[in-house]
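S.K.: Handing you this structure, nothing more for now.
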Amino acid sequence: MKVAASKRERDRAVILDVIRRFGPISRVHIYRLTKLRPTTISVLTRELLEEGRIRETGLSDNPVGRKQVLLELNREFAFLLAVEFDAEMVLAAVLDLGARIKHRVKEASYLAGGKEGLVRQLVTCTRRALAEAGVSADQVAGLGVADPGLVDSQQGISISSSTMDFWRDVPLKRIFAEHFRVPFLLESNTRVRTVAERALGAGQMAEDMLYLDYGTGIGLGVVSAGKLLRGCRECAGEFGHIRVMEGGPPCNCGSFGCLEAIAGAPAIAARVRTAVLEGGRSKVLELAGGDPARINGFMVFEAACLGDKMCATVVEEVERYLALGLANAINLFNPSLVVLDRRLQVAGPGFLEQIVRIVRRQALQRATEQLSFRFAELGDEAGVLGLAVLLIENLFEIPALRPPKFMVEASEDLAAVQ
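Residue numbers (the numbering used here): 2 to 419.
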(Lines of atoms letter the chains of each structure in order from A and count residues from 1; the text may use other names and numbers.)
(Lines give C-alpha, C1' and ligand atoms only; values in the text may rest on other atoms or scores of the structure.)
Protein backbone atom coordinates (compact mmCIF):
# COMPACT_ATOMS: atom_id res chain seq x y z
CA MET A 1 0.00 0.00 0.00
CA LYS A 2 1.37 3.38 -1.01
CA VAL A 3 1.34 6.10 1.66
CA ALA A 4 0.29 9.63 0.72
CA ALA A 5 1.91 12.71 2.16
CA SER A 6 -1.46 14.40 2.61
CA LYS A 7 -5.22 14.06 2.23
CA ARG A 8 -4.95 16.22 -0.87
CA GLU A 9 -2.71 13.65 -2.56
CA ARG A 10 -5.15 10.90 -1.74
CA ASP A 11 -8.15 12.89 -2.99
CA ARG A 12 -6.30 13.57 -6.21
CA ALA A 13 -5.51 9.86 -6.65
CA VAL A 14 -9.15 8.92 -5.97
CA ILE A 15 -10.43 11.39 -8.58
CA LEU A 16 -7.91 10.27 -11.19
CA ASP A 17 -8.78 6.59 -10.64
CA VAL A 18 -12.52 7.27 -10.87
CA ILE A 19 -11.99 9.12 -14.16
CA ARG A 20 -9.86 6.22 -15.42
CA ARG A 21 -12.42 3.56 -14.54
CA PHE A 22 -15.68 5.38 -15.28
CA GLY A 23 -14.79 8.04 -17.83
CA PRO A 24 -16.14 9.84 -19.75
CA ILE A 25 -17.62 11.17 -16.52
CA SER A 26 -18.88 14.54 -15.26
CA ARG A 27 -17.73 16.30 -12.11
CA VAL A 28 -21.22 15.82 -10.69
CA HIS A 29 -20.93 12.07 -11.18
CA ILE A 30 -17.45 12.11 -9.59
CA TYR A 31 -19.04 13.77 -6.55
CA ARG A 32 -21.75 11.10 -6.37
CA LEU A 33 -19.14 8.33 -6.44
CA THR A 34 -16.55 9.86 -4.11
CA LYS A 35 -18.52 12.24 -1.84
CA LEU A 36 -15.56 14.62 -2.01
CA ARG A 37 -16.37 18.33 -1.69
CA PRO A 38 -17.35 19.93 -5.04
CA THR A 39 -14.68 22.60 -4.58
CA THR A 40 -12.05 19.89 -4.05
CA ILE A 41 -13.18 18.12 -7.22
CA SER A 42 -13.15 21.38 -9.18
CA VAL A 43 -9.65 22.38 -8.05
CA LEU A 44 -8.08 18.95 -8.52
CA THR A 45 -9.66 18.24 -11.92
CA ARG A 46 -8.45 21.65 -13.12
CA GLU A 47 -4.97 20.71 -11.95
CA LEU A 48 -5.12 17.32 -13.70
CA LEU A 49 -6.31 19.01 -16.91
CA GLU A 50 -3.44 21.50 -16.82
CA GLU A 51 -0.95 18.64 -16.40
CA GLY A 52 -2.49 16.78 -19.34
CA ARG A 53 -3.36 13.69 -17.28
CA ILE A 54 -7.05 14.01 -18.15
CA ARG A 55 -8.94 15.78 -20.92
CA GLU A 56 -12.41 17.12 -21.66
CA THR A 57 -14.41 15.07 -24.14
CA GLY A 58 -17.73 16.66 -25.00
CA LEU A 59 -20.91 17.14 -22.98
CA SER A 60 -23.29 14.79 -21.19
CA ASP A 61 -26.47 13.76 -23.02
CA ASN A 62 -28.90 14.19 -20.10
CA PRO A 63 -32.38 15.10 -21.45
CA VAL A 64 -33.07 17.73 -18.78
CA GLY A 65 -30.91 20.18 -16.89
CA ARG A 66 -27.60 21.75 -17.80
CA LYS A 67 -25.22 19.68 -19.90
CA GLN A 68 -22.11 18.63 -17.98
CA VAL A 69 -18.55 18.65 -19.31
CA LEU A 70 -17.26 15.08 -19.47
CA LEU A 71 -13.75 14.10 -18.41
CA GLU A 72 -11.67 11.09 -19.40
CA LEU A 73 -8.15 9.82 -18.82
CA ASN A 74 -5.55 10.94 -21.34
CA ARG A 75 -4.34 7.43 -22.14
CA GLU A 76 -1.30 8.76 -23.96
CA PHE A 77 -0.11 11.00 -21.14
CA ALA A 78 2.35 8.18 -20.42
CA PHE A 79 3.22 4.77 -21.84
CA LEU A 80 4.14 1.33 -20.56
CA LEU A 81 6.77 -1.14 -21.72
CA ALA A 82 5.94 -4.85 -21.51
CA VAL A 83 8.13 -7.80 -22.48
CA GLU A 84 7.14 -11.46 -22.53
CA PHE A 85 9.47 -14.29 -23.48
CA ASP A 86 9.87 -18.05 -23.40
CA ALA A 87 11.97 -20.66 -25.17
CA GLU A 88 10.30 -19.87 -28.50
CA MET A 89 9.68 -16.14 -28.77
CA VAL A 90 10.31 -12.66 -27.39
CA LEU A 91 7.51 -10.10 -27.62
CA ALA A 92 8.11 -6.48 -26.58
CA ALA A 93 5.32 -3.91 -26.71
CA VAL A 94 4.59 -0.27 -25.99
CA LEU A 95 1.11 0.25 -24.52
CA ASP A 96 -0.88 3.27 -23.43
CA LEU A 97 -2.61 3.72 -20.07
CA GLY A 98 -5.69 1.96 -21.42
CA ALA A 99 -3.66 -1.22 -22.07
CA ARG A 100 -3.89 -0.64 -25.83
CA ILE A 101 -0.85 -1.71 -27.84
CA LYS A 102 0.78 1.15 -29.73
CA HIS A 103 3.62 -0.90 -31.20
CA ARG A 104 5.10 -4.39 -30.83
CA VAL A 105 8.25 -6.26 -31.79
CA LYS A 106 8.32 -10.05 -31.99
CA GLU A 107 11.34 -12.29 -32.58
CA ALA A 108 12.28 -15.95 -32.22
CA SER A 109 14.14 -16.43 -28.94
CA TYR A 110 17.92 -16.44 -29.34
CA LEU A 111 18.86 -19.45 -27.21
CA ALA A 112 22.20 -20.19 -28.87
CA GLY A 113 23.74 -17.23 -27.06
CA GLY A 114 22.86 -18.60 -23.64
CA LYS A 115 21.90 -16.34 -20.74
CA GLU A 116 23.89 -13.32 -21.98
CA GLY A 117 22.53 -13.62 -25.50
CA LEU A 118 18.91 -13.81 -24.38
CA VAL A 119 19.36 -10.90 -21.96
CA ARG A 120 20.75 -8.77 -24.79
CA GLN A 121 17.82 -9.74 -26.98
CA LEU A 122 15.28 -8.77 -24.30
CA VAL A 123 16.83 -5.34 -23.84
CA THR A 124 17.33 -4.78 -27.58
CA CYS A 125 13.73 -5.71 -28.43
CA THR A 126 12.45 -3.40 -25.69
CA ARG A 127 14.53 -0.46 -26.89
CA ARG A 128 13.54 -1.16 -30.50
CA ALA A 129 9.82 -1.26 -29.65
CA LEU A 130 10.14 2.09 -27.88
CA ALA A 131 12.03 3.70 -30.76
CA GLU A 132 9.68 2.37 -33.45
CA ALA A 133 6.66 3.55 -31.44
CA GLY A 134 8.06 7.09 -31.48
CA VAL A 135 7.89 7.29 -27.69
CA SER A 136 10.66 8.89 -25.65
CA ALA A 137 12.11 7.27 -22.53
CA ASP A 138 10.79 10.06 -20.29
CA GLN A 139 7.23 9.21 -21.37
CA VAL A 140 7.51 5.68 -19.94
CA ALA A 141 5.74 5.21 -16.59
CA GLY A 142 6.56 1.55 -15.96
CA LEU A 143 8.16 -1.59 -17.36
CA GLY A 144 7.05 -5.19 -16.89
CA VAL A 145 8.65 -8.50 -17.81
CA ALA A 146 6.84 -11.86 -18.01
CA ASP A 147 9.17 -14.80 -17.42
CA PRO A 148 8.54 -18.47 -18.36
CA GLY A 149 9.81 -19.91 -15.08
CA LEU A 150 9.99 -19.30 -11.35
CA VAL A 151 10.52 -15.70 -10.30
CA ASP A 152 11.24 -13.62 -7.22
CA SER A 153 9.05 -10.64 -8.03
CA GLN A 154 10.11 -8.69 -4.94
CA GLN A 155 13.80 -8.79 -5.87
CA GLY A 156 13.17 -8.78 -9.63
CA ILE A 157 15.13 -11.99 -10.18
CA SER A 158 14.33 -14.85 -12.55
CA ILE A 159 15.05 -17.98 -10.50
CA SER A 160 14.89 -20.77 -13.09
CA SER A 161 13.08 -22.15 -16.11
CA SER A 162 12.42 -25.83 -16.78
CA THR A 163 12.47 -25.16 -20.54
CA MET A 164 15.81 -23.27 -20.61
CA ASP A 165 18.54 -24.88 -18.49
CA PHE A 166 20.86 -21.86 -18.70
CA TRP A 167 18.22 -19.42 -17.40
CA ARG A 168 19.00 -19.26 -13.68
CA ASP A 169 19.31 -16.43 -11.14
CA VAL A 170 19.00 -13.66 -13.73
CA PRO A 171 18.76 -10.20 -12.06
CA LEU A 172 16.31 -8.77 -14.58
CA LYS A 173 15.36 -5.76 -12.45
CA ARG A 174 18.99 -4.66 -12.15
CA ILE A 175 19.67 -5.33 -15.84
CA PHE A 176 16.70 -3.29 -17.07
CA ALA A 177 17.42 -0.52 -14.54
CA GLU A 178 20.64 0.16 -16.44
CA HIS A 179 18.55 1.15 -19.47
CA PHE A 180 15.17 2.29 -18.11
CA ARG A 181 14.80 4.23 -14.86
CA VAL A 182 11.14 3.47 -14.24
CA PRO A 183 9.12 1.27 -11.85
CA PHE A 184 9.79 -2.40 -12.68
CA LEU A 185 7.52 -5.43 -12.45
CA LEU A 186 8.50 -9.09 -12.87
CA GLU A 187 5.87 -11.82 -13.04
CA SER A 188 5.43 -15.31 -14.49
CA ASN A 189 3.98 -15.80 -17.97
CA THR A 190 1.09 -17.87 -16.70
CA ARG A 191 0.02 -15.34 -14.10
CA VAL A 192 0.08 -12.34 -16.44
CA ARG A 193 -1.90 -14.26 -19.05
CA THR A 194 -4.40 -15.14 -16.33
CA VAL A 195 -4.68 -11.45 -15.42
CA ALA A 196 -5.19 -10.51 -19.08
CA GLU A 197 -7.90 -13.10 -19.73
CA ARG A 198 -9.71 -12.16 -16.53
CA ALA A 199 -9.64 -8.41 -17.19
CA LEU A 200 -9.80 -8.21 -20.97
CA GLY A 201 -10.74 -11.63 -22.35
CA ALA A 202 -12.74 -14.74 -21.56
CA GLY A 203 -12.53 -14.34 -17.77
CA GLN A 204 -15.06 -11.49 -17.51
CA MET A 205 -13.67 -10.56 -14.07
CA ALA A 206 -14.59 -13.95 -12.58
CA GLU A 207 -13.96 -14.07 -8.83
CA ASP A 208 -12.85 -17.72 -8.93
CA MET A 209 -11.11 -18.86 -12.09
CA LEU A 210 -8.47 -21.23 -13.42
CA TYR A 211 -6.43 -20.52 -16.55
CA LEU A 212 -4.63 -23.43 -18.23
CA ASP A 213 -1.50 -22.11 -19.94
CA TYR A 214 -0.24 -24.59 -22.53
CA GLY A 215 2.89 -24.02 -24.59
CA THR A 216 6.56 -24.79 -24.02
CA GLY A 217 5.44 -25.61 -20.48
CA ILE A 218 2.14 -26.14 -18.66
CA GLY A 219 1.03 -23.63 -16.05
CA LEU A 220 -2.13 -22.94 -14.10
CA GLY A 221 -3.20 -19.45 -13.15
CA VAL A 222 -5.44 -19.39 -10.08
CA VAL A 223 -7.78 -16.55 -9.11
CA SER A 224 -9.54 -17.15 -5.78
CA ALA A 225 -11.97 -14.63 -4.28
CA GLY A 226 -10.75 -12.11 -6.84
CA LYS A 227 -7.10 -12.48 -5.87
CA LEU A 228 -4.31 -13.88 -8.02
CA LEU A 229 -2.56 -16.66 -6.08
CA ARG A 230 1.24 -16.56 -6.00
CA GLY A 231 2.20 -18.55 -2.92
CA CYS A 232 4.79 -17.77 -0.24
CA ARG A 233 7.67 -18.54 -2.64
CA GLU A 234 5.74 -17.68 -5.83
CA CYS A 235 5.48 -21.33 -6.89
CA ALA A 236 1.67 -21.45 -7.04
CA GLY A 237 0.39 -22.77 -10.35
CA GLU A 238 3.31 -25.02 -11.34
CA PHE A 239 0.73 -27.35 -12.84
CA GLY A 240 3.16 -28.95 -15.27
CA HIS A 241 5.15 -30.39 -12.38
CA ILE A 242 2.43 -32.33 -10.61
CA ARG A 243 3.26 -36.03 -10.81
CA VAL A 244 0.75 -38.00 -12.88
CA MET A 245 2.73 -41.18 -13.60
CA GLU A 246 4.79 -43.16 -11.11
CA GLY A 247 8.13 -43.98 -12.71
CA GLY A 248 7.27 -41.89 -15.75
CA PRO A 249 9.66 -40.10 -18.11
CA PRO A 250 12.20 -37.61 -16.71
CA CYS A 251 11.19 -33.96 -16.55
CA ASN A 252 13.42 -30.92 -16.99
CA CYS A 253 12.64 -29.98 -13.37
CA GLY A 254 14.61 -33.04 -12.20
CA SER A 255 11.63 -35.18 -11.23
CA PHE A 256 9.91 -38.02 -13.08
CA GLY A 257 6.39 -38.52 -14.40
CA CYS A 258 5.43 -34.83 -14.40
CA LEU A 259 2.40 -33.73 -16.41
CA GLU A 260 4.63 -31.55 -18.58
CA ALA A 261 6.95 -34.46 -19.40
CA ILE A 262 4.02 -36.56 -20.59
CA ALA A 263 1.42 -34.17 -21.99
CA GLY A 264 3.36 -30.98 -22.72
CA ALA A 265 3.71 -29.74 -26.30
CA PRO A 266 7.47 -30.49 -26.56
CA ALA A 267 6.94 -33.97 -25.08
CA ILE A 268 4.23 -35.03 -27.50
CA ALA A 269 6.14 -33.53 -30.43
CA ALA A 270 9.18 -35.60 -29.47
CA ARG A 271 7.10 -38.79 -29.29
CA VAL A 272 5.52 -38.28 -32.70
CA ARG A 273 8.82 -37.19 -34.23
CA THR A 274 10.47 -40.40 -33.04
CA ALA A 275 7.62 -42.48 -34.46
CA VAL A 276 7.88 -40.72 -37.84
CA LEU A 277 11.65 -41.21 -37.97
CA GLU A 278 11.09 -44.90 -37.27
CA GLY A 279 8.87 -45.15 -40.33
CA GLY A 280 5.44 -44.25 -39.00
CA ARG A 281 3.06 -42.59 -41.47
CA SER A 282 1.41 -39.38 -40.31
CA LYS A 283 -0.21 -36.23 -41.68
CA VAL A 284 1.90 -34.29 -39.22
CA LEU A 285 4.89 -34.65 -41.54
CA GLU A 286 3.01 -32.74 -44.24
CA LEU A 287 2.19 -29.98 -41.75
CA ALA A 288 5.91 -29.80 -40.94
CA GLY A 289 6.80 -29.37 -44.61
CA GLY A 290 8.34 -32.83 -44.78
CA ASP A 291 10.94 -32.05 -42.09
CA PRO A 292 10.53 -34.14 -38.89
CA ALA A 293 12.68 -31.62 -36.99
CA ARG A 294 9.97 -28.98 -37.47
CA ILE A 295 7.19 -31.04 -35.85
CA ASN A 296 5.73 -29.27 -32.83
CA GLY A 297 2.99 -30.10 -30.37
CA PHE A 298 0.34 -27.97 -32.02
CA MET A 299 0.95 -29.72 -35.34
CA VAL A 300 0.20 -32.97 -33.52
CA PHE A 301 -3.15 -31.54 -32.36
CA GLU A 302 -3.94 -30.29 -35.87
CA ALA A 303 -3.07 -33.63 -37.47
CA ALA A 304 -5.30 -35.44 -34.98
CA CYS A 305 -8.14 -33.07 -35.88
CA LEU A 306 -7.55 -33.98 -39.55
CA GLY A 307 -8.03 -37.66 -38.73
CA ASP A 308 -4.45 -38.84 -38.28
CA LYS A 309 -4.65 -42.01 -36.15
CA MET A 310 -1.14 -41.83 -34.70
CA CYS A 311 -1.61 -38.26 -33.52
CA ALA A 312 -5.18 -38.92 -32.38
CA THR A 313 -3.90 -41.60 -30.00
CA VAL A 314 -1.37 -39.17 -28.54
CA VAL A 315 -3.97 -36.40 -28.19
CA GLU A 316 -6.40 -38.74 -26.42
CA GLU A 317 -3.71 -39.34 -23.81
CA VAL A 318 -3.11 -35.59 -23.48
CA GLU A 319 -6.85 -35.03 -22.99
CA ARG A 320 -6.95 -37.63 -20.25
CA TYR A 321 -3.97 -36.33 -18.28
CA LEU A 322 -4.91 -32.66 -18.59
CA ALA A 323 -8.50 -33.40 -17.56
CA LEU A 324 -7.44 -35.45 -14.53
CA GLY A 325 -5.11 -32.67 -13.45
CA LEU A 326 -7.85 -30.07 -13.90
CA ALA A 327 -10.31 -32.22 -11.95
CA ASN A 328 -7.93 -32.21 -9.00
CA ALA A 329 -7.43 -28.44 -9.29
CA ILE A 330 -11.20 -27.92 -9.45
CA ASN A 331 -11.65 -29.92 -6.25
CA LEU A 332 -8.95 -27.80 -4.59
CA PHE A 333 -10.00 -24.31 -5.73
CA ASN A 334 -13.70 -24.63 -6.66
CA PRO A 335 -13.67 -22.14 -9.58
CA SER A 336 -16.71 -20.94 -11.48
CA LEU A 337 -14.73 -20.79 -14.72
CA VAL A 338 -11.91 -22.71 -16.39
CA VAL A 339 -10.23 -20.98 -19.34
CA LEU A 340 -8.06 -23.08 -21.65
CA ASP A 341 -5.17 -21.72 -23.69
CA ARG A 342 -6.45 -20.42 -27.02
CA ARG A 343 -3.76 -22.34 -28.91
CA LEU A 344 -5.47 -25.61 -27.97
CA GLN A 345 -8.37 -24.75 -30.30
CA VAL A 346 -6.32 -26.21 -33.12
CA ALA A 347 -7.27 -29.64 -31.71
CA GLY A 348 -10.88 -29.04 -32.74
CA PRO A 349 -14.15 -28.76 -30.76
CA GLY A 350 -13.99 -32.38 -29.64
CA PHE A 351 -10.91 -31.65 -27.53
CA LEU A 352 -12.69 -29.32 -25.11
CA GLU A 353 -15.77 -31.54 -25.06
CA GLN A 354 -13.68 -34.54 -24.00
CA ILE A 355 -11.85 -32.51 -21.34
CA VAL A 356 -15.21 -31.41 -19.89
CA ARG A 357 -16.60 -34.98 -19.92
CA ILE A 358 -13.62 -36.36 -18.02
CA VAL A 359 -13.57 -33.48 -15.54
CA ARG A 360 -17.27 -33.84 -14.74
CA ARG A 361 -16.76 -37.57 -14.22
CA GLN A 362 -13.72 -37.19 -11.94
CA ALA A 363 -14.32 -33.98 -9.96
CA LEU A 364 -16.81 -33.58 -7.13
CA GLN A 365 -20.32 -33.14 -8.49
CA ARG A 366 -20.99 -30.05 -6.38
CA ALA A 367 -17.72 -28.47 -7.55
CA THR A 368 -18.85 -28.71 -11.19
CA GLU A 369 -22.51 -27.69 -10.81
CA GLN A 370 -21.88 -24.02 -11.64
CA LEU A 371 -18.66 -24.52 -13.58
CA SER A 372 -18.10 -23.20 -17.11
CA PHE A 373 -15.33 -23.98 -19.58
CA ARG A 374 -14.19 -21.86 -22.49
CA PHE A 375 -11.15 -21.14 -24.61
CA ALA A 376 -9.12 -17.99 -24.03
CA GLU A 377 -9.93 -15.03 -26.27
CA LEU A 378 -6.57 -13.26 -26.35
CA GLY A 379 -3.74 -14.32 -28.66
CA ASP A 380 0.02 -14.07 -28.32
CA GLU A 381 -0.36 -10.56 -26.87
CA ALA A 382 -2.02 -11.85 -23.69
CA GLY A 383 1.22 -11.69 -21.72
CA VAL A 384 2.04 -8.06 -22.47
CA LEU A 385 -1.60 -7.08 -21.96
CA GLY A 386 -1.57 -8.73 -18.53
CA LEU A 387 1.62 -6.88 -17.63
CA ALA A 388 -0.02 -3.62 -18.67
CA VAL A 389 -3.06 -4.34 -16.47
CA LEU A 390 -0.80 -4.95 -13.45
CA LEU A 391 1.33 -1.87 -14.14
CA ILE A 392 -1.78 0.28 -14.49
CA GLU A 393 -3.15 -1.07 -11.19
CA ASN A 394 0.11 -0.09 -9.51
CA LEU A 395 0.18 3.36 -11.10
CA PHE A 396 -3.37 4.18 -10.05
CA GLU A 397 -3.29 2.54 -6.64
CA ILE A 398 -5.13 4.64 -4.05
CA PRO A 399 -2.61 5.55 -1.33
CA ALA A 400 -3.35 5.31 2.36
CA LEU A 401 -3.39 8.46 4.42
CA ARG A 402 -0.28 9.09 6.45
CA PRO A 403 -1.23 9.11 10.17
CA PRO A 404 -1.11 12.51 11.91
CA LYS A 405 2.21 13.32 13.54
CA PHE A 406 0.85 13.02 17.10
CA MET A 407 -0.35 9.44 16.35
CA VAL A 408 3.06 8.44 14.99
CA GLU A 409 4.80 9.90 18.04
CA ALA A 410 2.36 8.21 20.44
CA SER A 411 2.91 4.87 18.70
CA GLU A 412 6.67 5.27 18.98
CA ASP A 413 6.38 6.16 22.69
CA LEU A 414 4.21 3.11 23.34
CA ALA A 415 6.67 0.84 21.54
CA ALA A 416 9.52 2.25 23.64
CA VAL A 417 7.62 1.55 26.89
CA GLN A 418 6.84 -2.02 25.86
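Ideal Cβ positions, reconstructed from N, Cα and C, are used throughout, including at glycine.
Give me the Cβ distance between Ile55 and Leu72, rounded to the nearest whole Å; I'm assuming they're in contact under 8 Å.
M.R.: The pair is a contact, with the Cβ atoms about 5 Å apart (cut-off 8 Å).
S.K.: Sort out for me which residues DSSP pairs Pro251 with in a bridge.
M.R.: Paired residue(s): Phe257.
S.K.: When you compare the segment 135-144 with the segment 154-169, are there three or more beta-carbon pairs, one atom per stretch, that lie closer than 8 Å?
M.R.: Because the criterion of three Cβ pairs below 8 Å is not met, the segment 135-144 and the segment 154-169 do not touch.
S.K.: Let's test the definition: count the other Cβ atoms within 10 Å of the Cβ of Val106 and tell me whether it reaches 16, buried, or not, exposed.
M.R.: Label assigned to Val106: buried.
S.K.: Can you round the beta-carbon distance between Phe181 and Leu82 to whole angstroms, since I take them to be within the 8 Å contact cut?
M.R.: About 7 Å separates the two Cβ atoms, so the contact holds.
S.K.: Check whether the segment 304-324 touches the segment 266-278, taking contact to mean three or more Cβ pairs, one atom from each stretch, closer than 8 Å.
M.R.: As far as the Cβ criterion goes, the segment 304-324 touches the segment 266-278, which means the pair count is three or higher.
S.K.: Should the segment 359-376 be called in touch with the segment 336-346, which here means at least 3 C-beta pairs below 8 Å?
M.R.: The segment 359-376, when compared against the segment 336-346, does touch it at the 8 Å Cβ threshold.
S.K.: CB Gly387 to CB Val193, shorter than 8 Å?
M.R.: Closer than 8 Å, so yes.
S.K.: For the beta strand (DSSP E) containing Gly218, name the first residue and the last one.
M.R.: It is not in any beta strand (DSSP E) - Gly218 carries neither H nor E in the DSSP assignment.
S.K.: Where do the ends of the beta strand (DSSP E) carrying Phe376 lie?
M.R.: Per DSSP, Phe376 belongs to the beta strand (DSSP E) from 373-376.
S.K.: Express the C-alpha separation of Ser43 and Gln69 in angstroms, rounding to a whole number.
M.R.: The straight-line gap from Cα to Cα measures roughly 13 Å.
S.K.: Applying the criterion that 16 or more other CB atoms from any shown protein chain within 10 Å of the CB defines a buried residue, is Gly227 buried or exposed?
M.R.: By the 10 Å Cβ count, Gly227 comes out exposed.
S.K.: When you compare only the Cα positions, how much space is there between Ala88 and Leu123?
M.R.: Using only the alpha carbons, I get a separation of about 12 Å.
S.K.: Are there 16 or more other CB atoms within 10 angstroms of the CB of Thr314, so buried, or fewer, so exposed?
M.R.: Exposed.
S.K.: By how many angstroms is the C-alpha of Ala383 removed from the C-alpha of Glu235?
M.R.: One C-alpha to the other measures close to 20 Å.
S.K.: What distance in whole Å lies between the Cβ atoms of Ile160 and Leu151, which are believed to be in contact at a cut-off of 8 Å?
M.R.: About 4 Å separates the two Cβ atoms, so the contact holds.
S.K.: Let's see if you can read the secondary structure: which residues bound the alpha helix (DSSP H) around His30?
M.R.: Residues 28-35.
S.K.: Determine which residues share a DSSP beta bridge with Met90 and list them.
M.R.: In the DSSP output, where bridge partners are listed per residue, Met90 has Ala109.
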